[in-house]
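Under our numbering, the sequence shown is numbered contiguously, ending at residue 607. No residue lacks a Cβ here, since even glycine has one placed at the ideal position from N, Cα and C. What you are looking at is a predicted structure, and each value in this text was computed from that prediction instead of being measured. As structure tokens, the structure follows; a few thoughts come after it.
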Amino acid sequence: MRISPPHDHFLQLTTKENLGRSSGIILQKEALSIMKTVEAQSSRENIEAGHLFRPTDANFEKLKMDRETALDQMWELIDYGLATQLFEIKYDADIGELRLVTFLVGLPSGMPLEEPYKLLIGRSTEHIYQFIQNKRVLTDDTWRNVLNHLADIDYKEDGPGDELDRLLDPKQFPLQPSSEMLKRSRGLIIDELAAEAKVIVLPHIGFYYLPESEAAHFLNIANEYLMTKVEPLAKAFDSEIRLALDRLFAPGTSDVEINEIEIIRAKVDTLYSFKETLKEHGFYSFIHNLKKVTEIAVKFAEVEKRKEVDRLLKVYMKMLDSQFDFDSRLLRINLEKDDEHNLVIVDLLRKNPKVLSAEWHDADSKIAVFVNNNQNNIKEINSLIYQNYRFTTEHILYLKAILELNEKELKPIFKDEEFVKTYGKNLQAVYFNYIPWFYKLFYFLGITPIVNSGYAKAKSILTFLQMDRQFLYQKRRENFFKKKLREREERLEKEKKQQLKKALVSALGDAYFKKNCLPSVDWLGMNYPAFSAETLEKMIPDFAFLSTTGKSIKPHSVILFPNSPEFESFNKDLKDLLNQWIRGEVDPPKEDPELFVQIRNLL
């Protein structure tokens, strides 16, 4: 049995004939037997089907060789450049594990070796993706562990090893594999996995599947680290980053309806635009991975919003088709109602060729009016108004707005004498509400010129009334946006406080239970720059966190979880840990043991 590894030519193979002509080397009987089998199985069909020669004891027995002899002859074939070791990673769904399948491959006829190699790499990536999707679904705890790595300013791509590190361990191969093959294969698989939108790739740490429905949740967890650690430090080491982040969401610079996902997305995109600076100073991997999570969360939110809009649009289109509900057939949507879906649906209805639309200003709101683009439908609406609504409502004015705005398209309807007659009576009933009572007397006396002048006066009043209401609408919109802006700022401030609370809880848990240290004010400020002494001084009374120095916050003050039912499990675990420190069952921090007793007594 040879001890030293062969020289693996990897993809630069030759044939027996070329080897014999160039060097005069003639293969031994055993090596020739293996080579013939390898050549026979290294066909295009077998490569595509994955039926390549596997160096297993069962195959060695078929060749009438013991394992040691077969491996010795394989060594020779690889060393001569007649064959190389390739692999495929397969996923066994029944047991939920990945396994490495190795092959000995010769130079295939009719195709370069590069082709089957990439085919095997592609299939391996698909199997690993299936494994990740089924067995490596991201959880809160795993995500926080990942973020603890990524939010370290000195983060390096090292760790206990990922699935590929374990699978591509040279010891997993029958013979020492080509280092070039291992390096290139790992790189190609990593690149393909990283291109998958829902896979978080942390080389030498692990690969994780991110369900798109959970992306917003994981984004909010990551925002704790972004707010308390990454953003403050990134601002500190580059003034351009600080200015760019400070410009975000300044008063008057953004949509008042911006939501939490969009806020995080804006920050991440801004930081990502400084990726070379981040690569130099730190946090690039954090932002790079967070950008992927953000994009998934945004896309999922957009899909869900589109589903809801499509659902509502179908409802509105069904209403317009109603034959029994007048308010559905002459559909009105309040444009001042605070519903983001309404504005989208209004725009879609306006663009729909099957629908006619107009706008009308009521006394207290702006209304979008819609009817089916069907002349018989409009005639029926006109008749229904005459029968039921002409004396009590402004429905005729909604229809009037539709007819006037779509005059060219509806021109043929005015050739219908019955429609025109009924429409005139409807208008007449409304106009009499806007002119003095005595015009009705002239109407009954048949003094048409005076009555017509009254109608003209009513039209003028309605026109000016719409102009006045348009002005009032603009004022309402200005006040509305000012109010929304105030509400947004208050909401953002409230959400920021809640995020800081969650982040402080996470930081305390990290200190006590993972890093085995006491979270003093100094320690928090050093590891989580957002938690300055001033910030902590405000947060402690706001959320009832405890301090070993009471209300007076000192650099050495140790911060504890609040004494409330919400934190009962945290405090129980902390009390158990303190008892272990006091009894010496677990190596305690270097602080004075009396401090542990003081902390325990505060719980």
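Backbone secondary structure at residue i - three-state DSSP
i, result
"N356", "coil"
"D314", "helix"
"V590", "coil"
"V91", "The sequence shown places Phe at residue 91, rather than the Val named in the question. Looking at F91 - three-state DSSP - the assignment turns out to be strand."
"K370", "strand"
"F222", "helix"
"I209", "coil"
"H399", "helix"
"L550", "strand"
"E363", "strand"
"L476", "helix"
"I245", "helix"
"F14", "coil"
"N531", "helix"
"S556", "coil"
"R57", "Here the sequence assigns Phe to residue 57, which means Arg is not the residue at that position. Of the three classes helix, strand and coil, the one that applies to F57 here is strand, per DSSP."
"S568", "coil"
"I417", "helix"
"S189", "helix"
"I29", "coil"
"S524", "strand"
"N378", "coil"
Exposure label - residue i; buried when at least 16 CB within 10 Å
i, result
"Q16", "exposed"
"V272", "buried"
"N386", "buried"
"R495", "exposed"
"P59", "buried"
"H55", "exposed"
"S551", "buried"
"P523", "buried"
"A62", "exposed"
"Q503", "buried"
"P365", "It should be pointed out that residue 365 corresponds to His in this sequence rather than to Pro. H365 should be labelled buried."
"S464", "exposed"
"E411", "exposed"
"R140", "buried"
"R182", "With the sequence shown as reference, residue 182 is identified as Ser, and Arg is not the correct amino acid for it. It counts as buried."
"F549", "buried"
"R492", "buried"
"M610", "Residue 610 lies beyond the stretch modelled for the chain, which goes from 5 to 607, so this question has no answer here."
"F535", "buried"
"F328", "exposed"
"T553", "exposed"
Minimum C-alpha distance to residue i - residue among the options
i, options, result
"L2", "K412, F423, L431, F374", "No answer is possible for residue 2: it lies beyond the span of the chain, which begins at 5 and ends at 607."
"R608", "E344, M323, H292", "For the chain, the structure presents residues 5 to 607; residue 608 sits outside this window and is missing."
"K21", "S46, K487, G85", "Reading off the sequence shown, one finds Glu at residue 21, where the question assumed Lys. Among S46, K487, G85, the Cα nearest to that of E21 belongs to G85."
"V234", "F565, P174, L154, E266", "L154"
"K309", "G286, F290, E344", "E344"
"L117", "K501, Y276, D156, M185", "M185"
"T397", "T426, I193, Q327, Y435", "Y435"
"D368", "E43, C521, Q478, I245", "Q478"
"P569", "L581, H560, F547", "F547"
"T426", "I349, L90, L403", "L403"
"A74", "P178, N378, Y516, T129", "P178"
"W79", "V109, L599, E101, L104", "V109"
"K187", "F395, V601, L172, L123", "L172"
"V525", "F278, M543, P215", "M543"
"P10", "L142, Q180, L360", "Q180"
Any non-hydrogen atom of the ligand FMN within 8 Å of residue i CB
i, result
"N392", "By its list of ligands, the structure shown contains no ligand whatsoever, and the ligand FMN lies outside what it can speak to."
Assess contact between the region 65-85 and the region 30-45, defined as three or more Cβ pairs (one per stretch) separated by less than 8 Å. Is contact present?
yes
Could you say if the region 241-254 and the region 201-211 meet the contact criterion of at least three C-beta pairs nearer than 8 Å?
no
Report the start-end ranges of each alpha helix (DSSP H) in the region 93-166 that is 4 residues or longer and not cut off at the edges.
118-139, 144-154
State whether the region 151-160 contacts the region 81-97, with contact taken as three or more CB pairs (one from each stretch) at a distance under 8 Å.
no
I'd like to know if the region 295-303 and the region 190-204 are in contact, where contact means that at least 3 CB-CB pairs between them fall below 8 Å.
yes
Restricting to runs no shorter than 3 residues, where is the beta strand (DSSP E) found entirely within the region 268-344?
335-338
Is the region 217-237 touching the region 135-148 in the sense that three or more CB pairs, one from each, lie closer than 8 Å?
yes
The region 497-504 / the region 465-473 touching (three or more Cβ pairs under 8 Å)
no
Tell me whether the region 327-342 and the region 377-395 touch, counting them as touching only if at least three CB pairs, one residue from each stretch, are closer than 8 Å.
yes
Should the region 299-307 be regarded as contacting the region 347-360, the criterion being three or more beta carbon pairs within less than 8 Å?
In this structure the region 299-307 does not lie against the region 347-360, because fewer than three pairs of beta carbons, one per stretch, are closer than 8 Å.
Touch check for the region 504-515 and the region 560-568: three-plus C-beta pairs under 8 Å?
yes
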